[in-house]
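Accompanying notes for the structure given below.
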Amino acid sequence: MSEPSELENYELLKSYALDFLGLDLFGVADVTSIRGSFLLPSTLVSRYDYGISLGKEVFLSVLDDLKDAPTLLYFHHYRQLNSFLDRAALQLASFITARGYLALPIAASQVIDWKNQKAHLSHKKIGELAGIGWLGRNNLLVNPRLGSRFRLVTVLTNLPLKTDQPIPFSCGDCHRCQQVCPVQAIKEKPSEFDHLSCFEKLKEFRNRGLVGQYICGLCVKACYGQKNYLYSK
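FYI, my numbering numbers position 66 of the sequence shown as 67, with every residue one higher than the one before it.
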């Protein structure tokens, strides 16, 4: 009996992730060209050729609570989404390993280099390569359907998979995120994003005791992707 094809493996995992695990976004990237940037031992990451990007929607009803700063409601939702994604990544990894392949779930939100604000790898970069969305002016991925209203997690694997294609920059003449940014960190081009000003504002929100983590959410709420959500304000 022949081994399943890359496409068959892809469709199997996609169906499991979206239909059984309840995820909203699924994509696969070839990570061989970027795995050298992962903050993991080279002897470990050299085993993995693919990165599976998984996403879960941030509810519009929660974002509606944001006015000019993060709220406890948004903070709780943020933590619950990260927990959901971690469990989903673990389940998908188990699904893969049961088929005789390697799989490594990476935490949805875990900083291991605070000086440079880096995790084991960039979920955003893998999501971009996996066709989840394009890098928007707000320095977040923008999905055509969800805008920037989602969180990501990654599972590395050596299971042969079909890969997705990146989506070209498609923000067009939309500048809603620029209009709501409290420190004008968002510029015309994603490459001009002011990371320092953004992080200083996150620290201010945290130090004011609003929430116990470096989050904001204002540009997430403002981003509609390619769909005009009538619900949003």
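Glycine included, C-beta positions come from ideal geometry on N, C-alpha and C. From a predicted model like this one, the values you see are computed outputs, not experimental measurements.
CA-to-CA distance, residue j to residue i, given in whole angstroms
i: C182; j: S3; result: 54 Å
i: K234; j: K163; result: Low local confidence applies: a pLDDT of 38 at K234 is under 50, so the model's placement there is unreliable, and no value is given.
i: E58; j: L147; result: 7 Å
i: K204; j: L130; result: 30 Å
i: R235; j: E9; result: Because the chain is modelled from 2 through 234, residue 235 falls outside the range shown and cannot be assessed.
i: I127; j: D69; result: 30 Å
i: I216; j: P71; result: 7 Å
i: Y230; j: L67; result: Residue placement at Y230 is poorly supported in this model, since its pLDDT is 44, which falls under 50; the coordinates still yield a value, given next. Distance between the alpha carbons of Y230 and L67: 16 Å.
i: S192; j: C199; result: 14 Å
i: K222; j: R48; result: 38 Å
i: S171; j: P145; result: 9 Å
i: I97; j: R36; result: 20 Å
i: Q185; j: R207; result: 19 Å
i: L118; j: H196; result: It should be noted that the sequence gives Gln, not Leu, for residue 118. Rounded to whole angstroms, Q118 to H196 spans 10 Å at the Cα level.
i: R88; j: R80; result: 12 Å
i: L122; j: G226; result: 25 Å
i: G173; j: D165; result: 23 Å
i: Y232; j: L61; result: Note on Y232: pLDDT 39, under 50, position unreliable in the model; no value is reported.
i: V212; j: V46; result: 34 Å
i: F194; j: A120; result: 19 Å
i: S95; j: E189; result: 42 Å
i: S43; j: H124; result: 18 Å
i: S149; j: Y102; result: 32 Å
i: L25; j: V112; result: According to the sequence displayed, residue 25 carries Asp and not Leu. Rounded to the nearest angstrom, the two C-alpha atoms are 24 Å apart.
i: L19; j: G28; result: 11 Å
i: E201; j: P5; result: 49 Å
Span of the alpha helix (DSSP H), counted from its first residue to its last, around residue i
i: I127; result: 124-130
i: Y11; result: 7-16
i: C220; result: 219-223
i: L22; result: Premise fails: L22 is in no alpha helix (DSSP H) and is neither H nor E.
i: V212; result: Run containing V212: none; DSSP gives neither H nor E here.
i: L45; result: 43-46
Residues sharing a beta bridge with residue i, DSSP
i: I107; result: T155
i: V29; result: I53
i: W135; result: V143
Cβ-Cβ separation, residue j to residue i (assumed contact under 8 Å), whole Å
i: T158; j: A104; result: 5 Å
i: L93; j: Y11; result: Contact flag wrong, Cβ pair sits at about 13 Å.
i: S54; j: I133; result: 5 Å
i: L153; j: G56; result: 5 Å
i: A109; j: L73; result: Actually they do not touch by this definition, with Cβ atoms about 20 Å apart.
i: W135; j: P169; result: 6 Å
i: F76; j: Q214; result: 7 Å
### Query
Unbroken beta strand (DSSP E) runs of length 3 or more, entirely within the stretch 143-199: which are they?
151-158
#### Entry: alpha helix (DSSP H) runs contained entirely in the stretch 56-119, provided each spans 4 or more residues
61-64, 73-98
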